[in-house]
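Structure first, then comments.
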Amino acid sequence: MDTDAFLDHLFDSALGAFDTLSVYIGDQLGLYEALRQHGALTADGLAKHTGMHPRYAREWLEQQSVAGILTVEDAAVHADDRRFVLPAEHAAVLADRDSLTFFAPFARIIGAAAIQLPALLEAYRTGGGVGWSEYGEAMRTGQADANRPLFLHALGTDWLPSLPDVHRRLSDGGRVADVGCGDGWSSVGIALAYPEATVDGFDLDEASVRAATGHAASYGLADRVRFQAVDAGTVAQGDYDLVTAFECVHDLADPVGVLAGMRRLVKPGGTVLVMDERVPEEFTGPGDPVEQLMYGMSLLICLPDGMSHDGSRATGTVMRPATLRGYAREAGFSDVEVLPIENDLFRFDRLVA
106 MDTDAFLDHL FDSALGAFDT LSVYIGDQLG LYEALRQHGA LTADGLAKHT
156 GMHPRYAREW LEQQSVAGIL TVEDAAVHAD DRRFVLPAEH AAVLADRDSL
206 TFFAPFARII GAAAIQLPAL LEAYRTGGGV GWSEYGEAMR TGQADANRPL
256 FLHALGTDWL PSLPDVHRRL SDGGRVADVG CGDGWSSVGI ALAYPEATVD
306 GFDLDEASVR AATGHAASYG LADRVRFQAV DAGTVAQGDY DLVTAFECVH
356 DLADPVGVLA GMRRLVKPGG TVLVMDERVP EEFTGPGDPV EQLMYGMSLL
406 ICLPDGMSHD GSRATGTVMR PATLRGYARE AGFSDVEVLP IENDLFRFDR
456 LVA
């Protein structure tokens, strides 16, 4: 890439950064939701519906229109009279939390990470870290809402049914241990898809456990889905048909200890399932968009979180298959089987006893 092309690349990245942070503003202040509910709005109308200052509302609406995120009905009228619209196709990406194309949580994640840049710089200098709880509620809910549509839809209708033995056990009323359950959407998704199954979710983050408990109750699942704020690696024994870890092993300070705990939790003949990032087998330099995304997440979130714990393995987001296989063998598993479940972002592995 020559100098001009590289400059263009970085300029496009800068525009993307501004767009992403503007989406963060729209998501956090409920601006997209207001536009989705009320249709075309002026700056004053948006301000009244959201409690936003009218001058900031106007600037945000105009930026969104210039960026192609919103449309304006008539740009020639006075600024106070311009009416802005969120197209239905864009609403699915920015305001529909059930849509598989819902992107706003990713902007929330990036915005929450950007807020921590001073702390991140200090961690980079000293070798310290920035713990998960320090990123705040926006990070927690962003991570949860980013995966929510997949867990409520694809997990129980596509991913788990593709494993016949798992599907059969859960259909017959099997027990599931969901390790690193976060806000509980994976646990809820499993319970909704398998009405006879029971799910126990484990997570160290108490705020996540509280949120997960509320989510399960909102779906009428409190009798079959329960959550504990506990390190799954310390749970002595279990009798579970399925033990899962969805997109969390790379974050763990002690992945070997937790995987060993998962091995203790599963019953003979049961399944230990790990879903983590679909990164290439080897580092090769220039990478595809997924690998670029995962390194960005690692720089700003996952590695600093991992480094915030004493004795951490400091895996980072880019956990390549050989790394997981090594952790699994240290934990007492004999091998890792990559499952033929297709997803652009995630790889699915069955850990073999």
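Residue numbers (the working numbering): 106 to 458. Yeah, the Cβ is synthetic: ideal placement off N, Cα and C, and Gly gets one too. Remember, predicted model here, so these are calculated numbers, not experimental data.
Cβ pair residue 251, residue 220 closer than 9 Å: Here residue 251 is taken as the residue at index 146 of the sequence shown, counted from 1. Here residue 220 is taken as the residue at index 115 of the sequence shown, counted from 1. Going by C-beta atoms, residue 251 is not nearer than 9 Å to residue 220.
For residue 398 and residue 261, I'd like the C-alpha separation in whole angstroms. The residue given as residue 398 occupies position 293 in the sequence shown. The residue given as residue 261 occupies position 156 in the sequence shown. Using only the alpha carbons, I get a separation of about 26 Å.
C-beta atoms of residue 350 and residue 361 nearer than 9 Å: Residue mapping note: residue 350 aligns to position 245 of the sequence shown, counting from 1. Residue mapping note: residue 361 aligns to position 256 of the sequence shown, counting from 1. No.
Cβ pair residue 449, residue 395 closer than 9 Å: As a working note, residue 449 is residue 344 in the sequence shown. As a working note, residue 395 is residue 290 in the sequence shown. Yes; because the gap between Cβ atoms is below 9 Å, this pair is in contact.
Within 9 Å, strictly: CB atoms of residue 236 and residue 346: As a position in the sequence shown, residue 236 is number 131, starting the count at 1. As a position in the sequence shown, residue 346 is number 241, starting the count at 1. Not closer than 9 Å, so no.
Residues near residue 386 by beta carbon distance below 8 Å, same chain, minus five either side: Here the question's residue 386 lines up with position 281 in the sequence shown. Closer than 8 Å at the Cβ level, and outside the excluded window around residue 386, lie 425, 426, 427.
Cα separation between residue 203 and residue 296? The residue given as residue 203 occupies position 98 in the sequence shown. The residue given as residue 296 occupies position 191 in the sequence shown. Answer to the nearest angstrom: the Cα atoms are 17 Å apart.
In terms of residues, what are the limits of the alpha helix (DSSP H) holding residue 226? Within the sequence shown, residue 226 is the residue found at index 121, counting from 1. Note, residue 226: alpha helix (DSSP H), 222-231.
In whole angstroms, what separates the C-alpha of residue 142 from that of residue 162? As a first step, residue 142 must be located in the sequence shown, where it is residue number 37. As a first step, residue 162 must be located in the sequence shown, where it is residue number 57. Each residue's alpha carbon lies about 17 Å from the other.
Look up residue 71 in the DSSP assignment and say whether it is helix, strand or coil. The structure shown has nothing for residue 71, since the chain only spans 106 to 458.
Please list, in chain order, all residues of the same chain as residue 195 whose beta carbon is under 7 Å from its beta carbon, the five residues on each side excluded. Your numbering for residue 195 matches position 90 in the sequence shown. So the qualifying residues of the chain are 174.
Span of the alpha helix (DSSP H) around residue 138: For the purposes of this step, residue 138 is taken as the residue at position 33 of the sequence shown. Note, residue 138: alpha helix (DSSP H), 136-143.
Residue 145: which of 191, 171, 155, 373 sits nearest, CA to CA? The residue you call residue 145 lines up with position 40 of the sequence shown. In this structure, 191 is the residue among 191, 171, 155, 373 with its C-alpha nearest to the C-alpha of residue 145.
Restricting to runs no shorter than 4 residues, where is the alpha helix (DSSP H) found entirely within the segment 175-218? Correct list: 193-199.
Taking 7 Å as the limit between beta carbons, can you name the residues of its chain near residue 433, skipping five residues before and five after? Mapped onto the sequence shown, residue 433 falls at position 328. 364, 441, 456.
Does the segment 302-315 come close enough to the segment 280-291 to have 3 or more Cβ pairs within less than 8 Å? Segments in contact, yes.
On a Cα-Cα basis, can you pick out the residue from 324, 402, 437 that is closest to residue 369? Indexing the sequence shown from 1 puts residue 369 at position 264. Across the set 324, 402, 437, the C-alpha of 437 shows the shortest separation from the C-alpha of residue 369.
By DSSP, does residue 361 sit in helix, in strand, or in coil? Residue numbering aside, residue 361 sits at position 256 when the sequence shown is read from its first letter. Here residue 361 sits in helix by DSSP.
Tell me whether residue 451 is buried or exposed, calling it buried when 16 or more other Cβ atoms sit within 10 Å of its Cβ. Residue mapping note: residue 451 aligns to position 346 of the sequence shown, counting from 1. Residue 451 should be labelled buried.
Starting from the C-beta of residue 148, find all residues in its chain whose C-beta is less than 6 Å away, skip the five residues before and the five after it, and write them out in chain order. Here residue 148 corresponds to residue number 43 of the sequence shown, with the count starting at 1. 159, 162, 163, 166, listed in sequence order.
Tell me which residues share the same chain as residue 257 and place their Cβ nearer than 8 Å to its Cβ, disregarding the 5 neighbours each side in the sequence. Walking along the sequence shown from the start, residue 257 turns up at place 152. So the qualifying residues of the chain are 203, 290, 293, 294, 297.
Going by DSSP in three states, residue 409 sits in which element: helix, strand or coil? Counted from its first residue, the sequence shown places residue 409 at position 304. Looking at residue 409 - three-state DSSP - the assignment turns out to be helix.
Counting only beta-carbon separations shorter than 9 Å, does residue 170 have a partner in chain D? No chain D appears in the structure shown, which is made up of a single protein chain.
Residues near residue 187 by beta carbon distance below 6 Å, same chain, minus five either side: In the sequence shown, counting from the first residue as 1, residue 187 sits at position 82. Within the same chain, residue 187 has close Cβ partners 177.
Using 10 angstroms around the beta-carbon of residue 371, count the other beta-carbons present and answer buried if the total reaches 16, otherwise exposed. Along the sequence shown, one-based indexing puts residue 371 at 266. Buried, because 16 or more other Cβ atoms sit within 10 Å of the Cβ of residue 371.
Euclidean distance between Cα positions of residue 226 and residue 109: For the purposes of this step, residue 226 is identified with residue 121 of the sequence shown, where counting begins at 1. For the purposes of this step, residue 109 is identified with residue 4 of the sequence shown, where counting begins at 1. Residue 109 has its alpha-carbon roughly 30 Å from the corresponding atom of residue 226.
Own chain partners of residue 150 with C-beta closer than 6 Å, once the 5 adjacent residues on each side are dropped: Position 45 of the sequence shown, counted from the first residue, corresponds to residue 150. Cβ neighbours of residue 150 beyond the five flanking positions: none.
Can you have a look at residue 169 and say buried or exposed, based on whether 16 or more other CB atoms are within 10 angstroms of its CB? Working through the sequence shown from its first residue, we reach residue 169 at position 64. When all chains shown are included, residue 169 counts as buried.
Tell me the rounded alpha-carbon separation between residue 392 and residue 139. Position 287 of the sequence shown, counting from 1, holds the residue named residue 392. Position 34 of the sequence shown, counting from 1, holds the residue named residue 139. Distance between the alpha carbons of residue 392 and residue 139 is about 38 Å.
DSSP has residue 334 in a bridge; who is on the other side? Position 229 of the sequence shown holds residue 334. Paired residues: 308.
Please report the straight-line C-alpha distance between residue 355 and residue 270, rounded to a whole angstrom. Taking the sequence shown and counting its residues from 1, the one referred to as residue 355 is at position 250. Taking the sequence shown and counting its residues from 1, the one referred to as residue 270 is at position 165. Rounded to the nearest angstrom, the two C-alpha atoms are 27 Å apart.
C-beta contact flag for residue 359 and residue 429 at 9 Å: Translated into the one-based positions of the sequence shown, residue 359 becomes position 254. Translated into the one-based positions of the sequence shown, residue 429 becomes position 324. No, Cβ-Cβ distance for residue 359 and residue 429 is not below 9 Å.
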